[in-house]
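Residue numbers (my numbering): 1248 to 1356. Backbone N, C-alpha and C fix where the C-beta goes; we use that ideal spot for every residue, glycine too. Since this is a predicted model, take the numbers as computed values, not measurements.
Structure, rendered in C-alpha coordinates:
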(Lines of atoms letter the chains of each structure in order from A and count residues from 1; the text may use other names and numbers.)
(Lines give C-alpha, C1' and ligand atoms only; values in the text may rest on other atoms or scores of the structure.)
Protein backbone atom coordinates (compact mmCIF):
# COMPACT_ATOMS: atom_id res chain seq x y z
CA UNK A 1 0.00 0.00 0.00
CA UNK A 2 1.07 3.53 -0.61
CA UNK A 3 2.04 5.47 2.47
CA UNK A 4 -0.27 8.36 3.27
CA UNK A 5 1.28 11.62 4.33
CA UNK A 6 -0.69 14.04 6.38
CA UNK A 7 0.23 17.68 6.25
CA UNK A 8 -0.02 19.83 9.33
CA UNK A 9 -3.05 22.08 9.19
CA UNK A 10 -3.31 25.16 11.37
CA UNK A 11 -6.97 26.07 11.85
CA UNK A 12 -6.09 29.40 13.44
CA UNK A 13 -3.66 30.51 10.72
CA UNK A 14 -6.03 33.14 9.36
CA UNK A 15 -6.58 34.71 12.80
CA UNK A 16 -3.82 37.22 12.08
CA UNK A 17 -1.93 36.80 15.36
CA UNK A 18 1.35 36.25 13.50
CA UNK A 19 1.11 39.44 11.44
CA UNK A 20 0.07 41.67 14.33
CA UNK A 21 2.79 40.53 16.70
CA UNK A 22 2.53 38.28 19.69
CA UNK A 23 -0.81 37.17 21.06
CA UNK A 24 0.13 38.73 24.40
CA UNK A 25 0.01 42.19 22.84
CA UNK A 26 -3.66 41.88 21.91
CA UNK A 27 -6.48 42.98 24.18
CA UNK A 28 -9.35 40.47 24.20
CA UNK A 29 -12.84 41.78 24.90
CA UNK A 30 -15.34 38.96 25.43
CA UNK A 31 -18.99 38.73 26.39
CA UNK A 32 -20.23 35.76 28.43
CA UNK A 33 -23.86 34.80 28.94
CA UNK A 34 -24.76 34.60 32.61
CA UNK A 35 -28.43 33.64 32.96
CA UNK A 36 -31.40 34.75 30.94
CA UNK A 37 -30.70 38.14 29.40
CA UNK A 38 -27.79 38.94 31.74
CA UNK A 39 -24.23 38.95 30.45
CA UNK A 40 -20.72 39.91 31.53
CA UNK A 41 -18.03 41.66 29.49
CA UNK A 42 -14.42 40.68 30.25
CA UNK A 43 -11.35 42.66 29.21
CA UNK A 44 -8.09 40.67 29.27
CA UNK A 45 -4.60 41.27 27.93
CA UNK A 46 -4.01 44.85 29.01
CA UNK A 47 -0.35 45.79 29.42
CA UNK A 48 1.24 45.19 32.81
CA UNK A 49 2.41 48.78 33.20
CA UNK A 50 -1.16 50.15 33.04
CA UNK A 51 -3.14 50.98 36.18
CA UNK A 52 -5.97 48.46 35.75
CA UNK A 53 -7.80 49.72 38.83
CA UNK A 54 -8.06 53.26 37.38
CA UNK A 55 -9.18 51.90 33.99
CA UNK A 56 -11.89 49.81 35.68
CA UNK A 57 -13.04 52.86 37.65
CA UNK A 58 -13.25 54.91 34.42
CA UNK A 59 -15.22 52.10 32.71
CA UNK A 60 -17.70 52.01 35.58
CA UNK A 61 -18.17 55.77 35.57
CA UNK A 62 -18.44 56.25 31.80
CA UNK A 63 -20.63 53.22 31.04
CA UNK A 64 -22.82 53.42 34.20
CA UNK A 65 -22.25 49.76 35.01
CA UNK A 66 -20.71 47.68 37.77
CA UNK A 67 -17.22 46.23 37.43
CA UNK A 68 -14.56 44.20 39.19
CA UNK A 69 -10.96 43.10 38.73
CA UNK A 70 -10.23 39.37 38.79
CA UNK A 71 -6.79 37.78 39.00
CA UNK A 72 -6.10 35.06 36.43
CA UNK A 73 -2.95 32.95 36.23
CA UNK A 74 -2.96 32.94 32.41
CA UNK A 75 -4.30 36.38 31.48
CA UNK A 76 -3.12 38.35 34.51
CA UNK A 77 -5.65 40.92 35.68
CA UNK A 78 -9.05 40.69 33.98
CA UNK A 79 -11.68 43.43 34.17
CA UNK A 80 -15.28 42.21 34.44
CA UNK A 81 -18.11 44.59 33.56
CA UNK A 82 -21.85 43.97 33.83
CA UNK A 83 -23.75 44.07 30.56
CA UNK A 84 -22.61 43.93 26.95
CA UNK A 85 -20.00 46.70 26.84
CA UNK A 86 -17.80 45.42 23.97
CA UNK A 87 -18.20 48.39 21.64
CA UNK A 88 -17.98 50.88 24.51
CA UNK A 89 -14.74 49.31 25.76
CA UNK A 90 -13.15 49.35 22.31
CA UNK A 91 -14.13 52.97 21.70
CA UNK A 92 -12.84 54.00 25.14
CA UNK A 93 -9.48 52.24 24.76
CA UNK A 94 -8.89 53.79 21.33
CA UNK A 95 -10.15 57.25 22.36
CA UNK A 96 -7.94 57.39 25.46
CA UNK A 97 -4.97 56.02 23.44
CA UNK A 98 -4.50 53.07 25.78
CA UNK A 99 -4.07 50.73 22.79
CA UNK A 100 -4.57 50.76 19.03
CA UNK A 101 -7.73 49.53 17.32
CA UNK A 102 -5.88 46.73 15.49
CA UNK A 103 -4.72 45.30 18.84
CA UNK A 104 -8.26 44.92 20.20
CA UNK A 105 -10.08 41.68 19.45
CA UNK A 106 -13.85 41.49 20.06
CA UNK A 107 -15.26 38.06 20.85
CA UNK A 108 -18.80 36.83 21.43
CA UNK A 109 -22.13 36.64 19.72
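Endpoints, the beta strand (DSSP E) within which residue i is located
i            : result
residue 1286 : 1286-1291
residue 1326 : 1323-1329
Of the residues the options, the one placed nearest residue i, counting alpha carbons only
i            : options          : result
residue 1274 : 1337, 1312, 1292 : 1292
residue 1343 : 1286, 1283, 1297 : 1297
residue 1333 : 1348, 1317, 1272 : 1348
residue 1316 : 1339, 1281, 1303 : 1303
residue 1278 : 1339, 1294, 1330 : 1330
residue 1295 : 1341, 1318, 1327 : 1318
Opening and closing residue of the alpha helix (DSSP H) in which residue i lies
i            : result
residue 1315 : No alpha helix (DSSP H) contains residue 1315, which is instead part of the beta strand (DSSP E) from 1314-1319.
residue 1335 : 1333-1342
Which of helix, strand or coil DSSP assigns to residue i
i            : result
residue 1351 : strand
residue 1301 : helix
residue 1277 : strand
residue 1282 : coil
residue 1270 : With a pLDDT of only 47 at residue 1270, under 50, the local geometry of the prediction cannot be trusted, and the value read off the model is given with reservation. Reduced to three states, the DSSP call for residue 1270 is helix.
Proximity of residue i and residue j at Cβ, strictly below 8 Å
i            : j            : result
residue 1276 : residue 1353 : yes
(message) Below 8 Å, how does it come out for the stretch 1280-1290 and the stretch 1311-1327: are there three or more Cβ pairs, yes or no?
(response) yes
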